[in-house]
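A.B. asks: Before we start, here is the structure in question, set down as structure tokens.
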Ligand SMILES: [Fe+2]
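Residue numbers (our numbering): 372 to 604.
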């Protein structure tokens, strides 16, 4: 045994391999820390514009990751999914407050401007090394499964899978969340609307996967909102 080890150690191969592997691990840790810092910094930016509710973005990321895992996404895709779920509306920073905060319906010009937020988000995030893929996923988070969404009118599997997931969970979360000017929808009604738009607006596989665990999650959602399922209904 020692006969095998001695020549190798003399040549330095195991030592240099160990150092190389340690160096790679350190670089990976630095890269992960930098990635997390960027996510935190952008989340703070969303807070400054009052566009972020911590609970909203956290549970969106949790639901998204769960759907992604059940659909068998690779680790790198899951990482992009986490970024896209947390920062999908970062481009709203570039939308005037008068439009963002308008309680009533947006007129056509206002709506056209509001729709720019996915492109704005892409334009910002693509500048960051390591975030290019998540930037594309954010660009397409308002595409519709039937091709009638924006900005590119992609359809079906032309739409990145991460974008399809974010689209479904964001829509569902928006439906059940209460806003200052309106109460969140009951769970059953949100499910009905999700199913109704499954295959047109939403990817049916994503809808089915999300709904397979959504009900069990609802008690957490309503607890986080400081209410209960029954009182919210
Ligand atoms: Fe959006």
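Cβ coordinates follow ideal geometry from the N, Cα and C atoms, glycine included.
Spatial neighbours of residue 452 within its chain, please: C-beta separation below 7 Å, excluding the five flanking residues on both sides.
C.D. replies: Same-chain partners within the cutoff: 435, 436, 439, 444, 533 and 536.
A.B. asks: So is residue 584 buried or exposed if we call it buried at 16+ other beta carbons inside 10 Å?
C.D. replies: With fewer than 16 other Cβ atoms within 10 Å, it is exposed.
A.B. asks: Looking at the unbroken alpha helix (DSSP H) that takes in residue 529, where does it start and where does it end?
C.D. replies: Unbroken run through residue 529: none, as it is neither H nor E.
A.B. asks: I want to know whether the segment 568-582 touches the segment 460-479 - three or more CB-CB distances under 8 Å.
C.D. replies: The segment 568-582 vs the segment 460-479: no contact.
A.B. asks: Who are residue 583's beta bridge partners in DSSP?
C.D. replies: Bridge partners of residue 583: none, in fact.
A.B. asks: Sorry if obvious, but does the Cβ on residue 489 come closer than 7 Å to a heavy atom of ligand 1?
C.D. replies: Yes, the beta carbon of residue 489 sits closer than 7 Å to at least one heavy atom of ligand 1.
A.B. asks: Is the segment 511-525 close to the segment 390-402, with three or more CB pairs under 8 Å?
C.D. replies: Taking 8 Å as the limit for Cβ pairs, the verdict is that the segment 390-402 does not touch the segment 511-525.
A.B. asks: Which parts of the segment 416-449 are runs of the alpha helix (DSSP H), unbroken and 4 residues or longer, counting only runs that do not cross its ends?
C.D. replies: Runs found: 425-441.
A.B. asks: Using 8 Å as the Cβ pair cut-off and three pairs as the minimum, do the segment 489-508 and the segment 543-561 touch?
C.D. replies: Result no; under three Cβ-Cβ pairs closer than 8 Å.
A.B. asks: Please classify residue 463 as buried or exposed, where buried requires at least 16 other C-beta atoms within 10 Å of its C-beta.
C.D. replies: Buried, because 16 or more other Cβ atoms sit within 10 Å of the Cβ of residue 463.
A.B. asks: In its own chain, which residues sit with a C-beta less than 8 Å from the C-beta of residue 473, not counting the 5 before and 5 after it?
C.D. replies: Cβ within range, chain order: 481.
A.B. asks: Hey, quick one: how far does the alpha helix (DSSP H) through residue 563 stretch, first residue to last?
C.D. replies: Here the alpha helix (DSSP H) through residue 563 covers 558-567.
A.B. asks: What does residue 535 pair with, by DSSP beta-bridge criteria?
C.D. replies: Beta-bridge pairing links residue 535 to no other residue.
A.B. asks: Taking the alpha helix (DSSP H) that residue 523 falls in, what are its first and last residues?
C.D. replies: Residue 523 -> no alpha helix (DSSP H), and no H or E assigned at all.
A.B. asks: Measuring from the CB of residue 480, is there a heavy atom of ligand 1 at a distance below 7 Å?
C.D. replies: No, the Cβ of residue 480 stays beyond 7 Å of every heavy atom of ligand 1.
A.B. asks: Hey, would you say the C-beta of residue 511 is under 7 Å away from at least one heavy atom of ligand 1?
C.D. replies: It does not: the Cβ of residue 511 is nowhere closer than 7 Å to a heavy atom of ligand 1.
A.B. asks: Measure the beta-carbon distance from residue 499 to residue 458 and round it to whole angstroms, keeping in mind my assumption that it falls under 8 Å.
C.D. replies: Residue 499 to residue 458, Cβ: 11 Å. No contact.
A.B. asks: I'd like to check one pair, residue 428 with residue 407: are the Cβ atoms closer than 8 Å?
C.D. replies: No; because the gap between Cβ atoms is not below 8 Å, this pair is not in contact.
A.B. asks: Count the other C-beta atoms from every protein chain shown that fall within 10 angstroms of the C-beta of residue 460, then say buried if there are 16 or more, exposed otherwise.
C.D. replies: Buried.
A.B. asks: DSSP on residue 472, reduced to helix/strand/coil?
C.D. replies: Coil, per DSSP.
A.B. asks: Would you kindly work out how many angstroms separate the C-alpha atoms of residue 589 and residue 546, rounded to a whole number?
C.D. replies: Distance between the alpha carbons of residue 589 and residue 546: 13 Å.
A.B. asks: Please state whether DSSP places residue 550 in a helix, a strand or coil.
C.D. replies: The answer is strand: DSSP assigns residue 550 an E or B state.
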